[in-house]
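In my numbering, the protein residues as written are 27 to 430. Have a look at the structure below before the remarks.
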Ligand code: KDG
Ligand code: MG
């Protein structure tokens with residue numbers, strides 16, 4: 027008799043920030059954990075799971091990851107969307123966790139086995155000005171990082187994406203209603219090349235440097251920035267322009283050889299079809315939690331591999347350690363892994379999600395635990411109730427709504 031799913035429960039907790047977690051239990055006593063966190067929209071995913079998805083799972087064979095994924099995706103009739111895809115991802119992660127535990131092996135062994143000894147990660151350095159950012163990058167270098175994302179405040183703007191008060195645990199969401207940021211592409215475009223000129227002088231040529239424009243530029247502005255940054259050979263320029271209009275990247279690509287990364291807000295490979303097929307990007311930023319789970323992510327990665335596109339999975343603090351642990355198994359196994367983003371979680375978060383992954387000399391390793399190797403401490407989580415929080419919104423200097 028095949029193992030069956032006995033029940034599934036959704037937990038919303040806030041150990042430093044909000045997380046939504048799914049726990050699926052089987053009749054054999056094995057359980058799997060999935061991350062269902064969608065920053066600023068947590069309760070919508072929790073409801074989607076408990077009200078619409080969990081009832082369909084009871085009695086199913088947890089080994090049927092492909093059929094259950096298709097059931098939840100095609101079977102809903104309504105397709106895509108971040109709430110739906112995050113909910114499906116949580117189920118998929120939990121089922122792969124169960125599969126690994128039942129077979130007593132880490133998930134990476136079910137995806138082809140390790141293709142490398144570890145997963146190169148990039149950390150986040152930021153500062154209110156160039157000098158402070160340069161100091162922060164040097165700190166990451168001293169800690170053994172091989173790659174660092176650098177963001178700096180912009181003169182004339184009171185706040186900028188990527189620059190935080192707490193240097194160690196960057197957290198963009200804020201309790202209460204959405205905070206408001208002010209933006210000027212003109213001021214930003216003058217500042218960023220100066221930052222990277224200084225960084226190359228002080229950090230040398232070996233360190234991989236990355237930068238996130240966070241969807242704020244128009245394609246021709248992004249092209250100008252990419253060209254200006256070429257002497258500093260960035261690992262990538264991220265989210266140079268919003269990607270709903272995938273053809274916009276043709277303009278950037280025509281003008282610059284700076285490598286381009288995009289996709290942290292994509293929920294399906296359909297969002298990147300033109301970007302990948304026309305080789306308009308170099309790194310796909312989708313990851314397991316918002317991309318529908320392991321089942322579709324390995325297919326997206328395989329499609330990307332056919333077009334010289336590597337992965338650079340999203341790994342901000344609003345993706346729980348369950349996503350980080352799970353992503354590392356995919357990173358370790360697939361042939362076209364590029365880099366993994368790694369923003370450290372707070373000690374409160376790490377205590378609620380004990381995990382097998384470890385950091386050493388700029389690399390993360392998922393560990394040897396069966397499944398994805400990340401657990402969930404329900405009793406501890408219950409001590410941190412949900413608190414409403416939002417990402418900021420962004421306006422131009424004249425008040426016009428812009429992309430955050
Ligand atoms: O929830 C939004 C964050 O995950 C995002 O702003 C972080 O851009 C980001 C990044 O590159 O990690
Ligand atoms: Mg980003």
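Even for Gly, the Cβ is constructed at its ideal location relative to N, Cα and C. Since the structure is predicted, the reported quantities are computational estimates derived from the model, not experimental observations.
Opening and closing residue of the beta strand (DSSP E) in which residue 45 lies = The sequence position of residue 45 within the chain shown is 19, counting from 1. Element bounds for residue 45: 45 to 52.
query = In chain order, which continuous runs of the beta strand (DSSP E) of length 3 or greater are located wholly inside the stretch 51 to 121?
reply = 57 to 61
request  = Can you check DSSP and say which residues form a bridge with residue 153?
outcome  = For the purposes of this step, residue 153 is identified with residue 127 of the chain shown, where counting begins at 1. 178.
task = Could you tell me which residues DSSP puts in a beta bridge with residue 381?
result = Against the chain shown, residue 381 aligns to sequence position 355. Answer is 400.
ask   = For residue 191, which beta-bridge partners are listed by DSSP?
value = For the purposes of this step, residue 191 is taken as residue 165 along the chain shown, with counting starting at 1. BP columns for residue 191 are empty, so no partner.
message = Let me make sure I understand the geometry here. Which of 143, 234, 48, 321 has the alpha-carbon closest to that of residue 259?
response = Counting from one through the chain shown, the residue named residue 259 turns up at place 233. Residue 234 is the option with its Cα nearest to residue 259.
message = As an exercise, report each continuous beta strand (DSSP E) stretch of at least 3 residues that is fully enclosed by the stretch 293 to 363, in chain order.
response = 336 to 339
request  = Starting from the C-beta of residue 232, find all residues in its chain whose C-beta is less than 6 angstroms away, skip the five residues before and the five after it, and write them out in chain order.
outcome  = As a first step, residue 232 is located in the chain shown; it is residue number 206 there, counting from the start. Counting only Cβ-Cβ distances below 6 angstroms, and skipping sequence neighbours, we find nothing.
query = Under a three-way DSSP split, which group does residue 272 fall into?
reply = Here residue 272 refers to the residue found at position 246 when the chain shown is read from its first residue. Residue state, collapsed to three classes: coil.
message = With DSSP as the reference, identify every bridge partner of residue 39, one or two as the case may be.
response = Along the chain shown, read from residue 1 onward, the residue named residue 39 stands at position 13. In the DSSP output, where bridge partners are listed per residue, residue 39 has 45.
message = If I follow the unbroken alpha helix (DSSP H) through residue 246, where does it start and stop?
response = Residue 246 sits at position 220 when you count from the first residue of the chain shown. It spans 245 to 255 - the alpha helix (DSSP H) in which residue 246 sits, taken as one unbroken run.
ask   = How should residue 119 be labelled, buried or exposed, when 16 other C-beta atoms within 10 angstroms of its C-beta is the threshold for buried?
value = By one-based count along the chain shown, residue 119 stands at place 93. With 16 or more Cβ atoms within 10 Å of its Cβ, residue 119 is classed as buried.
ask   = Does DSSP put residue 373 in a helix, a strand or coil?
value = To locate residue 373, count along the chain shown from 1; it is residue 347. In the structure shown, residue 373 sits in a helix (DSSP, three-state: H, G or I).
ask   = By Cβ distance, which residues of its chain are closer than 7 angstroms to residue 246, with the 5 residues on each side in sequence left out?
value = By one-based count along the chain shown, residue 246 stands at place 220. Here the set comprises 277.
request  = Locate the beta strand (DSSP E) running through residue 421, then write down its first and last residues.
outcome  = Residue mapping note: residue 421 aligns to position 395 of the chain shown, counting from 1. Start and end: 419 to 422.
inquiry  = If you reduce the DSSP assignment to three classes, tell me which class residue 239 lands in.
reply    = As a position in the chain shown, residue 239 is number 213, starting the count at 1. In the structure shown, residue 239 sits in coil (DSSP, three-state: anything other than H, G, I, E or B).
ask   = Of all the options 311, 174, 175, 59, which has the alpha carbon lying nearest to the alpha carbon of residue 127?
value = Your numbering for residue 127 matches position 101 in the chain shown. The residue with the shortest Cα to Cα distance from residue 127 is 59.
task = Over the uninterrupted beta strand (DSSP E) stretch that includes residue 206, give me the two end residues.
result = Stepping through the chain shown from its first residue, residue 206 is reached at position 180. Start and end: 206 to 209.
key: Distance between residue 204 and residue 384 (C-alpha atoms, nearest Å)   = Your numbering for residue 384 matches position 358 in the chain shown. Your numbering for residue 204 matches position 178 in the chain shown. Those two C-alpha atoms are separated by around 34 angstroms.
request  = Mark residue 110 as exposed unless 16 or more other C-beta atoms lie within 10 angstroms of its C-beta, in which case mark it buried.
outcome  = Mapped onto the chain shown, residue 110 falls at position 84. Under this definition residue 110 is a buried residue.
Inter-residue spacing [alpha-carbon to alpha-carbon] between residue 387 and residue 102 = Start at 1 with the first residue of the chain shown, and residue 387 comes out as number 361. Start at 1 with the first residue of the chain shown, and residue 102 comes out as number 76. Roughly 44 angstroms separates the two Cα atoms.
ask   = Helix, strand or coil for residue 285 per DSSP?
value = Here the question's residue 285 lines up with position 259 in the chain shown. Of the three classes helix, strand and coil, the one that applies to residue 285 here is coil, per DSSP.
inquiry  = Quick check: what's the CA-CA separation for residue 166 versus residue 52?
reply    = Residue numbering aside, residue 166 sits at position 140 when the chain shown is read from its first letter. Residue numbering aside, residue 52 sits at position 26 when the chain shown is read from its first letter. Cα to Cα, residue 166 sits roughly 43 angstroms from residue 52.
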